[in-house]
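Just below is one structure, and these are the notes that go with it.
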């Protein structure tokens, strides 16, 4: 600043303008860098937000139902439960597979314990 | 109309002359009915362990001098009630109303807080949240891959999903009813009643179903017995063949599942139920931010055959 005082007012003005221009470009560079860092942080935030939440993710249960299918008419069916109540009796699906008339009744009733395959 | 009066030019402006009704129309929302019926647990920040006390059979036996208390006579069966953290937010810039016809309801001047219909909109916003809660406690299902932007119904398992998992795990056994119709609804509910533990038949039990199944039951009953069944104020009906009350639950949607268990066996967890009406208002320059945070989750207390009786329809 002392060097500027020795200059004429016009020269002082020109020197100050140049100094401010330099400072402005430095500030603009810093601003650009900050913006880039901000974008990187936003990207990272998005990635983190879209990650599955480990602790609350659902673990699908494996069905205990028999895998063996049966045929009624021309349609193939399979049990989707291990056991069910039928006429107030608990029946294991494994046992039901051996009882053709029960299987027919289940199909006729539109039972939800079997599904077409 | 007088022929001396020329309305030709005025009629050309007809399309622009409109009256704006100073009220808003909204759908009629249903309330959070389930929370009024089941057991509510407060103060849950994460998980609460509900414990079922179980007793083995044959606690009493023939006398003899030797002391031989039964092994494993008393058991503790934990059930985890876990709550999920949720939020509801609303951002409003009341001045933006002035860019459309609703702007006429704002007062003279530029008061950024002047928000027409504020009370009405907020009242219905809270009712809509209650509706979402009602739906979620029954139909919510936690996905295998949750994300940060999931809706309420994806943040925990509702009763129907819990029941589905209990059946898959063979913890409970469904009663085969087949599809429920207006000719078999009464008979099918009776089939489920047969499976129910006799102690609950004494004590009384609640039967939860969708409005669709409820209507079929009433139609079947009317046709069978030539009379209408009596309802209480909430629409629930006391079944005349047993100590049971049938409830239509809007939150069950179009599910065909029928759930027979005491209402107290269904549990809802909150941090504080008061959070659901605890609206926070914050000014952000011209914008008003309204928000509430709350925790919600459900669990079934005793999940065993004959205590929790369900049919085979989903």
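Chains as they are written, first to last, in my numbering: chain A, 19 to 135; chain B, 10 to 323. Glycine included, each C-beta is placed from N, C-alpha and C at the ideal position. Quick caveat: nothing in here was measured; it's all calculated off a predicted structure.
Does residue 119 of chain A come within less than 8 Å of chain B when only Cβ atoms are used? no
Return the chain-ordered ranges of every alpha helix (DSSP H) run that is complete within the region 49 to 128 of chain B and spans a minimum of 4 residues. none
Spatial neighbours of residue 302 of chain B in its chain, beta-carbon cut-off 6 Å, leaving aside the 5 residues before and after: 96
If we define contact as Cβ-Cβ less than 8 Å, is residue 85 of chain A a contact residue for chain B? no
Can you find a CB in chain A that lies within less than 8 Å of the CB of residue 187 of chain B? yes
From residue 99 of chain B to residue 127 of chain B, what does the alpha carbon distance come to, in whole angstroms? 12 Å
Give a yes or no on whether 8 Å exceeds the smallest Cβ distance from residue 280 of chain B to chain A. no
Could you say if the region 78 to 91 of chain A and the region 167 to 184 of chain B meet the contact criterion of at least three C-beta pairs nearer than 8 Å? yes
Alpha-carbon spacing of residue 200 of chain B relative to residue 46 of chain B, whole angstroms: 25 Å
Output needed for residue 59 of chain A: all residues of its chain with C-beta closer than 6 Å, excluding positions within five of it in sequence on either side, in chain order. none
Helix, strand or coil, according to DSSP, for residue 260 of chain B in the structure here? helix
Got a sec, what are the start and stop residues for the beta strand (DSSP E) residue 306 of chain B sits in? 296 to 309
Is residue 90 of chain B buried or exposed, if buried means 16 or more other CB atoms sit within 10 Å of its CB? buried
Which listed residue (B/271, B/74, B/146 and B/221) has its alpha carbon closest to that of residue 214 of chain B: B/271
Going by DSSP in three states, residue 247 of chain B sits in which element: helix, strand or coil? strand
Just list the residues that DSSP pairs residue 108 of chain A with in beta bridges. A/103
Contacts that residue 81 of chain A makes with chain B (C-beta to C-beta distance below 7 Å): 177
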